[in-house]
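Enquirer: Start counting the sequence shown at 88; every next residue gets the next number (the numbering used here).
The structure's right below; bear with me while I get my questions together.
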Amino acid sequence: MDHKRPRFPDQDIVLVVRNPHRAGALGKLLSAIGEVGALVGDLTTRSVSPYHSIREITVSVYDDDHLTQVLAAIRANTEAEVVETCDLVFARHQGGKIHCGRKQDIKLLSDLRYIYTPGVARVCRTIQRDPSKALELTGIGNSVGIFTNGTRVLGLGDIGPVAGMPVMEGKAVIYDQFVGISAVPILVDTKDPGEFIDTVVRVAPTFGGIHLEDIRMPDCFRIEDELIRRLDKPVMHDDQHGTATVLLAAVLTALRHTNRDGRRDLVCAQIGLGAAGFGIAKLLIQAGFKVLGVDRNESACARLENVGGDIATLEDAMARADIVIATTGVVGLIKPEMIQKGQIILSLSNPIPEIFPEEALDAGAAYAADGKSVNNALAYPGLFRAALDGRRKAITPAMKIAAARAISSLAGPDELVPSPLHPEVHKAVIAAATDAFKREEAKAK
Numbered sequence: 088m089d090h091k092r093p094r095f096p097d098q099d100i101v102l103v104v105r106n107p108h109r110a111g112a113l114g115k116l117l118s119a120i121g122e123v124g125a126l127v128g129d130l131t132t133r134s135v136s137p138y139h140s141i142r143e144i145t146v147s148v149y150d151d152d153h154l155t156q157v158l159a160a161i162r163a164n165t166e167a168e169v170v171e172t173c174d175l176v177f178a179r180h181q182g183g184k185i186h187c188g189r190k191q192d193i194k195l196l197s198d199l200r201y202i203y204t205p206g207v208a209r210v211c212r213t214i215q216r217d218p219s220k221a222l223e224l225t226g227i228g229n230s231v232g233i234f235t236n237g238t239r240v241l242g243l244g245d246i247g248p249v250a251g252m253p254v255m256e257g258k259a260v261i262y263d264q265f266v267g268i269s270a271v272p273i274l275v276d277t278k279d280p281g282e283f284i285d286t287v288v289r290v291a292p293t294f295g296g297i298h299l300e301d302i303r304m305p306d307c308f309r310i311e312d313e314l315i316r317r318l319d320k321p322v323m324h325d326d327q328h329g330t331a332t333v334l335l336a337a338v339l340t341a342l343r344h345t346n347r348d349g350r351r352d353l354v355c356a357q358i359g360l361g362a363a364g365f366g367i368a369k370l371l372i373q374a375g376f377k378v379l380g381v382d383r384n385e386s387a388c389a390r391l392e393n394v395g396g397d398i399a400t401l402e403d404a405m406a407r408a409d410i411v412i413a414t415t416g417v418v419g420l421i422k423p424e425m426i427q428k429g430q431i432i433l434s435l436s437n438p439i440p441e442i443f444p445e446e447a448l449d450a451g452a453a454y455a456a457d458g459k460s461v462n463n464a465l466a467y468p469g470l471f472r473a474a475l476d477g478r479r480k481a482i483t484p485a486m487k488i489a490a491a492r493a494i495s496s497l498a499g500p501d502e503l504v505p506s507p508l509h510p511e512v513h514k515a516v517i518a519a520a521t522d523a524f525k526r527e528e529a530k531a532k
């Protein structure tokens, strides 16, 4: 198995191709594309003449070099001419993915007087007398600020806040479409944690909740802890807690698929204690699992021990664990000979995991999956919706655990977790998180 590439090409390109209109020409073209390892998707015929046809052909390639190979193969082996190429991802980003819209129309002069001056002055005075009214009379109660400094973006590293904006816009689209929250990306141009914290605190009155995204370790821990202490509204670092919630759901599903549903006497190995790995380990501990952590960073290991985890070597963890979760980004870290019969292996690094699921299964794993389906978009929209609707001051561990159970319950027989497009999943997360918080409140009384 090629450990230098993902299992399947996933960069979608539309080729606009002018091809001779005769028997066998299209088949020859598609064969040329397939012979260099590209996948063919949709075909759309634009036009047909007695001599030529023009078609849009969607092909999936690994990267730009692979696309170059595809184009060369078409030139060398067919009479077709590629007249245009379109990268579907870049096409979706032209002009950005979000805009600032309105909920009210101004059609009459009276509309202007009600929405703006002079009518707005009475609303301002009402909020001045009772600041809590801002949650009812403005958009604050339905808004989340997405704050980043771009120091740890996806698998790209420190690319800066502006280069990270497409990620933040994507998060905002997800918030709006799935749960109706108005989310606003805020790019904070500093690497100093203190400056970042002060910036968020000063801007925080604009929003009902604070979503932290793509901030490097260990700054992300200090920033989140300090903002939770200083602000009276929900604050969540999604790379930790959104990911952890979905991963806990994945673990619960994997246990169900292997007839171990409900067991908490199992040992989980968390290999890699970065932001996501630590968040996963911490939530697993809070959910009642024993966790072994593996990391070369001593401070990361100490952080896990402080929340009740144990530290092990990679070899020891692989030998002892019933469930292995890897978030290291190190391709091929887990060797087939390390796998124990009956283990659950979740190797989550993208685009290439620590071990491919097929390799783990061949080596004796009872269940194995990669990170392709473990999307934190399953968790954070519903968690924040529940927090905003209930005027919660925090997103608690109980809310995350309840959300994970709800997500897992909707996974199909062949799924690790459901798709974020599942029609019921976000409603289920909202309901579960809301119920969990209400139970916490009742216990506290």
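Glycine included, every Cβ here is placed at the ideal spot set by N, Cα and C.
Bear in mind that the values here come from a model prediction, so they are computed numbers and not experimental data.
Can you round the beta-carbon distance between K258 and I233 to whole angstroms, since I take them to be within the 8 Å contact cut?
Expert: 5 Å
Enquirer: Here's the rule: buried if 16 or more other CB atoms are within 10 angstroms of the residue's CB, otherwise exposed. What is G188?
Expert: Classification for G188: exposed.
Enquirer: Can you give me the Cβ contacts of R511 inside the same chain, cut-off strictly under 7 Å, excluding the 5 residues immediately before and after it?
Expert: The sequence as given places Glu at residue 511; Arg does not occur at that position. L497, listed in sequence order.
Enquirer: Assuming S140 contacts L126 (C-beta within less than 8 Å), just tell me the rounded distance between them.
Expert: Actually they are not in contact, since the Cβ atoms of S140 and L126 sit about 21 Å apart, beyond 8 Å.
Enquirer: For H344, which of helix, strand or coil comes out of DSSP?
Expert: helix
Enquirer: Which same chain residues, not among the five before or five after V461, have their C-beta less than 8 Å away from its C-beta?
Expert: Shown here for V461: same chain residues with a beta carbon closer than 8 Å to its own, the five before and five after excluded, namely T330, V333, L334, A337, L433, L435, L503 and V504 in chain order.
Enquirer: From the DSSP output, which residues share a beta bridge with P444?
Expert: Note: P444 sits in no beta bridge, so no partner.
Enquirer: Along the chain, where does the beta strand (DSSP E) that runs through P107 open and close?
Expert: Q98 to P107
Enquirer: I'd like to know whether the C-beta atoms of G242 and N437 end up nearer to each other than 8 Å.
Expert: yes
Enquirer: If you check the beta carbons only, do A362 and Q327 fall under 8 Å apart?
Expert: yes
Enquirer: Is the stretch 273-282 touching the stretch 194-202 in the sense that three or more CB pairs, one from each, lie closer than 8 Å?
Expert: Contact between the stretch 194-202 and the stretch 273-282 is absent, because fewer than three Cβ pairs lie under 8 Å.
Enquirer: Can you list, in chain order, the residues of its chain with a C-beta nearer than 7 Å to that of P272? Leave out the 5 residues immediately preceding and following it.
Expert: I233, M252, M255, E256 and A259
Enquirer: Would a C-beta distance cut-off of 8 Å place A406 and I358 closer than the cut-off?
Expert: Contact: no.
Enquirer: At the level of alpha carbons, what is the spacing between D457 and H509?
Expert: Straight-line Cα distance between these residues: approximately 20 Å.
Enquirer: Quick one: what does DSSP say K525 is sitting in, helix, strand or coil?
Expert: Helix.
Enquirer: Does the stretch 413-433 come close enough to the stretch 307-319 that 3 or more CB-CB pairs lie under 8 Å?
Expert: The stretch 307-319 and the stretch 413-433 do not touch, with fewer than 3 CB-CB distances between them shorter than 8 Å.
Enquirer: Could you spell out the range, first to last residue, of the alpha helix (DSSP H) harbouring P248?
Expert: Secondary structure note for P248: it is in no alpha helix (DSSP H), with a DSSP letter that is neither H nor E.
Enquirer: Beta carbon of V411, beta carbon of A450: below 8 Å?
Expert: no
Enquirer: Would you identify the three-state DSSP class for E143, choosing helix, strand or coil?
Expert: In the three-state scheme derived from DSSP, where H, G and I count as helix and E and B as strand, E143 is classed as strand.
Enquirer: Could you say which of M304, I144 and G124 lies nearest to T132 if we only look at CA atoms?
Expert: Looking at the Cα atoms, I144 is the closest of the given residues.
Enquirer: Counting only the same chain and skipping the five closest in sequence on each side, list residues whose C-beta sits under 6 Å from that of N164.
Expert: A119
Enquirer: In its own chain, which residues sit with a C-beta less than 7 Å from the C-beta of G183, not counting the 5 before and 5 after it?
Expert: E256
Enquirer: Thinking just about the alpha-carbon of each residue, which of V207, T155, D263 and S136 is nearest to the one in I185?
Expert: The option with the nearest alpha carbon to I185 is D263.
Enquirer: So V231 and F524 are in contact, right, with Cβ under 8 Å, and what is the actual spacing, rounded?
Expert: At roughly 17 Å, the Cβ-Cβ gap does not stay under 8 Å, so V231 and F524 are not in contact.
Enquirer: Please check if any C-beta of chain D sits within less than 8 Å of the C-beta of V210.
Expert: The structure shown contains no chain D; it is built from a single protein chain.
Enquirer: Are R526 and P321 close, meaning C-beta to C-beta below 8 Å?
Expert: Note that the C-beta distance between R526 and P321 is not below 8 Å.
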